[in-house]
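Residue numbers (the working numbering): 5 to 217.
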């Protein structure tokens, strides 16, 4: 249960200094202030305010190319999602999407780490054993952008987006060795079959066949 915050003495003064820290380029100082304010809100039971702060901080830090700091604040937000059993719904996923979008594909390592934690949250709290398909899709796209097709494929398998998965398979097959293209595609299709999503498997095969088979 979210309880009203009992004491925020000093929190306002910290918040007032944040913008100035960012303007001055003191990103480490800004991160520590964000964490201080987050901890005060969380300790007082004002979890919604702590989540909103962590979300805002993650986006702001990413806007200043502070990728590791952004991932840290994003993961603090997810920690509260898990601890307080926040549902896997559009509102809570929307904060995740905003943070991911703020990376602009500039630091896939940190973005992927953040999204992997988001997928873990959805496995823990949600109804999908393999995690939320939309979160899986966002993570798969990060790996695809980096041409890390092995990791991309692992997440496309659970993203329930067979047409996009097919396009990625064709891209990978075309960019790899010609002698291995068919084997790569067949292996991916068999993995998709193992998920027991029959309609998706059929769509995947039909989408691949004209281009790669």
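Cβ atoms here follow ideal geometry from the backbone N, Cα and C, with glycine treated the same way.
Distances from the alpha-carbon of residue 72 to those of 41, 38, 117, 130 put 117 closest. Residue 161 carries a coil assignment under DSSP once its states are collapsed to helix, strand and coil. Residue 44 carries a helical assignment under DSSP once its states are collapsed to helix, strand and coil. Distance from the CA of residue 100 to the CA of residue 78, rounded to the nearest whole angstrom, comes to 8 Å.
With contacts defined by Cβ atoms closer than 8 Å, residue 163 and residue 144 form a contacting pair. Scanning 126, 64, 34 for the CA closest to the CA of residue 106 turns up 64. In the displayed model, residue 54 falls within a helix according to three-state DSSP. In this chain, the alpha helix (DSSP H) harbouring residue 78 covers 71-87.
Assignment of residue 151 by DSSP, reduced to helix, strand and coil, places it in the coil class. Judged by DSSP secondary structure, residue 118 falls within the alpha helix (DSSP H) whose first and last residues are 112-129. Straight-line spacing of the CA atoms in residue 24 and residue 53 works out to 21 Å. Contact between residue 51 and residue 84 holds: CB atoms are separated by about 5 Å, below the 8 Å threshold. Around residue 40, the same chain offers 18 as residues with beta carbons nearer than 8 Å, after the five sequence neighbours per side are excluded.
Cβ-Cβ separation between residue 37 and residue 27: approximately 13 Å, too far for a contact (criterion under 8 Å). Secondary structure note for residue 98: its alpha helix (DSSP H) is the uninterrupted segment 94-107.
DSSP places residue 140 in the helix class (H, G or I) of the three-state scheme. Shown here for residue 141: same chain residues with a beta carbon closer than 7 Å to its own, the five before and five after excluded, namely 163, 165 in chain order.
In the DSSP assignment, residue 169 falls within the alpha helix (DSSP H) that extends over 166-179.
When secondary structure is reduced to three states using DSSP, residue 20 falls in the helix class.
Taking 8 Å as the cut-off, the Cβ atoms of residue 114 and residue 74 count as close.
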